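Peer 1:
Residue numbers (the numbering used here), protein chains in the order written: chain A, 1 to 114; chain B, 1001 to 1110.
1. Does the beta-carbon of residue 1034 of chain B have 16 or more other beta-carbons within 10 angstroms, so that it is buried, or is it exposed?
2. Counting pairs of Cβ atoms below 8 Å between the segment 85-93 of chain A and the segment 21-39 of chain A, do you hit three or more?
3. Pairs of beta-carbons, one from the segment 1057-1071 of chain B and one from the segment 98-108 of chain A, closer than 8 Å: are there three or more?
4. Can you tell me whether DSSP reads residue 1083 of chain B as helix, strand or coil?
5. Going by the DSSP bridge assignment, what does residue 1058 of chain B pair with across the sheet?
6. Could you round the C-beta distance between residue 47 of chain A and residue 21 of chain A to whole angstroms and report it? I think they count as a contact, below 8 Å.
7. Please report how far the alpha carbon of residue 9 of chain A lies from the alpha carbon of residue 66 of chain A, in whole angstroms.
8. Quick check on residue 58 of chain A: buried or exposed, where buried means 16 or more other Cβ atoms within 10 Å of its Cβ?
9. Quick check: is the beta carbon of residue 1031 of chain B nearer than 8 Å to any beta carbon in chain A?
10. Using a Cβ-Cβ cut-off of less than 8 Å, give me the residues of the segment 1090-1105 of chain B that come near chain A, in sequence order.
11. In the segment 1031-1063 of chain B, which residues sit with their C-beta less than 7 Å from some C-beta in chain A, listed in chain order?
12. Listing by chain order, which chain B residues have their CB less than 8 Å from the CB of residue 63 of chain A?
13. In the DSSP assignment, find the beta strand (DSSP E) that holds residue 1104 of chain B and state where it starts and stops.
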């Protein structure tokens, strides 16, 4: 298994500001992902966080809006930049220890933009 | 854009009945197909990770099959119980990404 600490668990932010979410894993993992969960919906992949290089973004998500860092094999951050109310959502980090194993999830960050 | 489709979106089943639902995914760049059980306000709980064409896995009353050549997987629940009520997610792992379907919301009626 993998124990993931995701912080903060929730925040209320003013529009136009930025929030950085942290994801810390208790051991090295092969892959780390960031997802957005909008109300009543499933998990939408924002990007794959790549260790030591730029993240790989999905269609509809760009680095200027969602910069991601992954300095090592146990830690990643997602920043939601220049926030608007439409960014209100739950953001989740997820990891795969190896290629053929199950994913583990952080507790999620519930973001409200006012 | 990589599409992972699940059907049906929702399902109501009588307690004791058996049911199944489908996940379709791209047949190229395939690493693995995951199934998760997801309850509101909780993290998804892994049911199966399947990697080989023709794989069949079973966990209690729940089982799954995999066809990577045609890009689909079935999840079966035998003798449904109220505690089976949840959203069931499949996820396609391929080409350095893990993409989830929209889920099948299952409700078991007592």
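Just so you know, even glycine gets a beta-carbon here, dropped at the ideal spot from N, CA and C.
From a predicted model like this one, the values you see are computed outputs, not experimental measurements.
Peer 2: Concretely, from the data shown:
1. buried
2. Because the criterion of three Cβ pairs below 8 Å is met, the segment 85-93 of chain A and the segment 21-39 of chain A touch.
3. no
4. helix
5. B/1063
6. The C-beta distance from residue 47 of chain A to residue 21 of chain A rounds to 13 Å, too long to fall under 8 Å, and the pair is not in contact.
7. 18 Å
8. buried
9. yes
10. If the cut-off is 8 Å between Cβ atoms, the segment 1090-1105 of chain B has 1091, 1093, 1096, 1097, 1098, 1099, 1100, 1101, 1102, 1103 near chain A.
11. 1031, 1032, 1034, 1043, 1044, 1046, 1049, 1051
12. Correct list: empty, because the minimum Cβ distance to chain B is about 16 Å.
13. 1104-1109
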